[in-house]
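Here is the structure we will look at.
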């Protein structure tokens, strides 16, 4: 059984993303939690884009 951790609303992470990829305007490739190794995203479950002023905030629900 795999260990699963839900990081929703717990912390911000650094994300390496690919922009302008066919049907998905922004696709996460890897992310890094503070104090941990870089992890590769294996599956993108859901994407949500929220606009705050002139800034677009991309929210991802992923499996690692």
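In my numbering, the protein residues as written are 2 to 65. All C-beta atoms in this analysis are idealised placements derived from N, C-alpha and C, irrespective of residue type, glycine included.
| Query | Result |
| --- | --- |
| Would you mind working out which of 28, 21, 35 sits nearest residue 15, comparing C-alpha positions? | 35 |
| Considering only residues of the same chain and omitting the five flanking positions on each side of residue 41, which have a CB-CB separation below 8 Å? | 30, 31, 65 |
| Straight-line CA distance for residue 43 to residue 63? | 8 Å |
| Less than 9 Å separating the beta-carbons of residue 47 and residue 61? | yes |
| Measure the alpha-carbon distance for residue 38 versus residue 12 and round it to whole angstroms. | 15 Å |
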